[in-house]
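Some notes on the structure that comes next.
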Amino acid sequence: MDDAVAEQSPLRILIADDSDSDRLILKTLLKRLGHEVLDASNGLDAVSLFQQEMPDLVLLDALMPVMDGMEAARQIKSLAGERLVPLIFLTSLSEAGALARCLEAGGDDFLGKPYNRTIIEAKINAFNRMRLMHQTLSDQRDLIRERNRQLTEEQEIAKRVFDNVAHSGCLDASNIRYHASPQSIFNGDVLFASPRPAGGMLIFMGDFTGHGLPAAIGAMPVAEIFYGMASKGFNGQDVLREINQKLTRILPTGMFCCGAMIEADFKLNQVQVWNGGLPDGWLIRSSGDRQALPSQHLPLGILAPDQFNAEFERLGAGPGDRLMMMTDGFLESADRAGNVFGEQGVIDALAHLDHSEHPFDTMMSAVHRFTGGFKDGDDLTLCCLEMSAQAGFSPLPDRTAPSALAGPAEWRCSYEIREQTLGEFSPLPLLLHICMEVPGLRRRSGEIYTLLAELYNNALEHGVLELPSEWKHSPEGFGRYYLERKRRLGYVEGHYIRFTLHHSLKPDGGRLRVVCEDSGRGFDFRNHPSATSGAPPEGSKRYAGRGLQLLKRLSESVRFHEQGNHVEIVYDWHFSGAAVNQGDVAR
Amino acid sequence: MPIQTRRDDDGKTLVIRIEGRFDFSTHQAFRDAYEHGDPDIRGYVVDLSDTTYLDSSALGMLLLLRDYAGGDSARIVIENCNNDVRRILSISNFEQLFNIR
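Line by line, the protein sequences are chains E and Y.
The opening position of the first sequence corresponds to residue 1 in full-length UniProt numbering, with each subsequent residue numbered one higher.
The opening position of the second sequence corresponds to residue 1 in full-length UniProt numbering, with each subsequent residue numbered one higher.
Spelled out as structure tokens, the structure:
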């Protein structure tokens, strides 16, 4: 409604005066101004007329029989509730105390008797403007309140959808401690963790620019990609590349995601970290030594796939070592005066680490102490992963009830990767995927992945690249090993790795036969201690030796052929689902 | 006025100077500063000598400017950052996208 028109439009005015002549004069005057008039001769009638007719404005004589103006004013104001109904006293009173009582009873103003047409008209117009302004404000407030309710409801629904997509994965594992507020998704923070099929874990922490739904919306595809790919055995690099590629495509310029990926391998005592735009992460060793893991990359969602660098930093980390990552919100935690916790807060807290306390608790209590409970924890995400030999071997959830009748049972396939593809592509997710089509193998995905991964890594690193595993015994050699691995992958002309998978049914289950051949020179398996005997060689910590032990424990048999560059393993599964190979692979 | 612009280098370089906080509240003013479609402009300088604070939405705005100025071929210099601002730019590795001096 147009305000100017509203201001001109006739009002419904209630007048109450016990003097018939005064009432008639006022009524005639108001009618002549174009208003509709209701009249009463005492307070009680005025209140009941008000209740029936809901007038826009009330003019009340202060002194009336039955119920005086003051009491009528109180009742009318209470009946009007939130609505602003201007109430003007008609009075010949002039004593200050009496006038004040009129206002206390709820009156908004006075009109002196005898009436002056010009003043009445001006006051009615002034109060009508106030009434309309009040109306507009209340309408807007109601609208905002309604919108806000809708928004909260929508966020609630969005959050439920998000929680389904981005379930907490393995964040509840015993070696992970984390803090993320339930609404953190609307601050743009995400935290995902997934066990890897071969053991080990993948953790992703992200912080989208902006707040609210726009920040939350990018999190959905990231969750899908992360959980989808991690459970299929893709490594952190592959997952990161995919996330970056997706975000670059869907996010508008100017919106991006600061993030970090952690890939922990508890078997190799190794952790790999990629940090793009998050504050320094920390590796806190059980010895008390610390190492910062600063951001070395642009955030996700900025660079085109061909410019994106998914190079991880690789660190040796043994049981008891802990890795900590946090989002910006942690550093920006502020006290009442607006001072922020900052990097210095983190460094100070780390300097006071105490062996008896978990670093996660130290950090959280440091930030709580700092903020003094002001705006605590509503916008910060902190995660701490502990390297642990027992971790990461929780089986993947059983999605389908196993049935040997559904899915392929008798099949054979051969897959070979050659030349520079050896350095660029891992065939493991693909091979695992093929095996997972067999329901009886699906529940053993961890073991199958481990078998394939051990065979493949052995063929690539020791077979094709001829890297000596002894290098990995020392921290310096460890770095050298991976530098050399990268260098040698540039010279793989004429090389290949070939997998042949053969699955068949047996009366009580099935048998998977995996043959892995490579183009390398092989090794003298006839005289290699761990290839011939069942026990690991005394005092040997060779990773290759450990890999072989693992293969032997998981499968029925491991056999070497040719000059050692041809390995064949046999893996059986049974309908009952009872594990036959009870080997504790985490040992 | 928290954002001021001037021409340098015979009018071929647009210098955008931001005072105080460079965050979402400056979004529109920052865009207005460069979105005028002047064909003479060859390069940009973002002068942060009086910028006290910079947040992730400011990083987003810098990316928008980069896009506007031609993406990978954009010529953008970010200069005179204080230590805090410099730190935020380097955590996000923006040296890879901008000439920061």
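All C-beta atoms, glycine included, are put in the ideal place defined by N, C-alpha and C.
Classification of residue i by the beta-carbon crowding that lies within 10 angstroms, buried from 16 upward
i             : result
residue 262/E : buried
residue 1/E   : Caution is warranted here: a pLDDT of 46 is assigned to residue 1/E, below 50, making its placement in the model unreliable, and no coordinate value can be reported.
residue 317/E : buried
residue 586/E : Note on residue 586/E: pLDDT 36, under 50, position unreliable in the model; no value is reported.
residue 359/E : buried
residue 267/E : buried
residue 51/Y  : buried
residue 363/E : buried
residue 411/E : exposed
residue 400/E : At residue 400/E, the pLDDT of 39 sits below 50, so the modelled position is not reliable and the matter cannot be decided from this model.
residue 307/E : exposed
residue 92/Y  : buried
residue 133/E : exposed
residue 162/E : buried
residue 373/E : exposed
residue 458/E : buried
residue 70/E  : buried
residue 231/E : buried
residue 461/E : buried
Rounded distance between the beta-carbons of residue j and residue i, thought under 8 Å
i             : j             : result
residue 493/E : residue 419/E : 6 Å
residue 413/E : residue 455/E : About 15 Å; that fails the 8 Å criterion.
residue 197/E : residue 432/E : 6 Å
residue 201/E : residue 327/E : Not really, about 19 Å apart at Cβ, beyond 8 Å.
residue 514/E : residue 441/E : About 11 Å separates the two Cβ atoms, so there is no contact after all.
residue 93/E  : residue 77/E  : Between residue 77/E and residue 93/E the Cβ distance is about 20 Å, and since that is not below 8 Å, they are no contact.
residue 434/E : residue 501/E : 7 Å
residue 35/E  : residue 13/E  : 5 Å
residue 225/E : residue 246/E : 6 Å
residue 313/E : residue 344/E : About 24 Å; that fails the 8 Å criterion.
residue 282/E : residue 380/E : That belief does not hold up - the Cβ atoms of residue 282/E and residue 380/E are roughly 16 Å apart, past 8 Å.
DSSP bridge partner residues for residue i (one or two, in chain order)
i             : result
residue 257/E : 208/E and 300/E
residue 314/E : 272/E
residue 590/E : Nothing in the structure corresponds to residue 590/E, since chain E is present only between 1 and 587.
residue 281/E : 293/E
residue 81/Y  : Partner(s): none; residue 81/Y has no beta bridge.
residue 381/E : 180/E
residue 462/E : According to DSSP, which records beta bridges pairwise, residue 462/E is partnered with nothing at all.
residue 417/E : 497/E
residue 517/E : 498/E and 566/E
residue 482/E : According to DSSP, residue 482/E bridges with nothing at all.
residue 8/Y   : 13/Y
residue 592/E : The question about residue 592/E has no answer here: the residues shown for chain E are numbered 1 through 587.
residue 511/E : 504/E and 572/E
Host beta strand (DSSP E) of residue i (start-end)
i             : result
residue 275/E : 270-276
residue 13/Y  : 13-18
residue 35/Y  : Here residue 35/Y belongs to no beta strand (DSSP E), and DSSP marks it neither H nor E.
residue 176/E : 176-180
residue 40/E  : 36-40
residue 112/E : 109-112
residue 444/E : That residue, residue 444/E, is in no beta strand (DSSP E); it is neither H nor E in DSSP.
residue 185/E : First-last for residue 185/E: undefined, no H or E at that position.
residue 560/E : 557-561
residue 57/E  : 57-61
residue 44/Y  : 43-47
residue 90/E  : 87-91
Extent of the continuous alpha helix (DSSP H) to which residue i belongs
i             : result
residue 11/E  : Looking at the DSSP string, residue 11/E is not in any alpha helix (DSSP H), and its letter there is neither H nor E.
residue 56/Y  : 56-68
residue 348/E : 342-351
residue 324/E : Counting along the chain, residue 324/E falls outside any alpha helix (DSSP H), though it belongs to the beta strand (DSSP E) covering 322-326.
residue 140/E : 117-165
residue 28/E  : 20-32
residue 26/Y  : That residue, residue 26/Y, is in no alpha helix (DSSP H); it is neither H nor E in DSSP.
residue 76/E  : 69-80
residue 237/E : 236-250
The ligand MG heavy atom lying under 7 Å from the CB of residue i
i             : result
residue 488/E : The ligand MG is not part of the structure shown, which contains no ligands of any sort.
Return the residues of the segment 21-34 of chain Y that lie within a Cβ-Cβ distance of less than 7 Å from chain E, sorted by chain order.
-> none
Looking at chain Y, which residues of the segment 284-306 of chain E have a Cβ within less than 9 Å of any of its Cβ atoms?
-> 294, 295, 296, 297, 298, 299, 302, 303 and 304
Of all the residues that make up the segment 245-265 of chain E, which are near chain Y by a beta-carbon distance shorter than 9 Å?
-> 252, 253, 254, 255, 256 and 258
The segment 379-390 of chain E: which residues have C-beta closer than 9 Å to a C-beta of chain Y, in chain order?
-> none
Which residues, in chain order, does the segment 208-224 of chain E contribute to contact with chain Y at a C-beta distance below 7 Å?
-> 209 and 210
Short-range partners of chain E found in the segment 60-76 of chain Y, where Cβ spacing is below 7 Å = 60, 61, 63, 64 and 67
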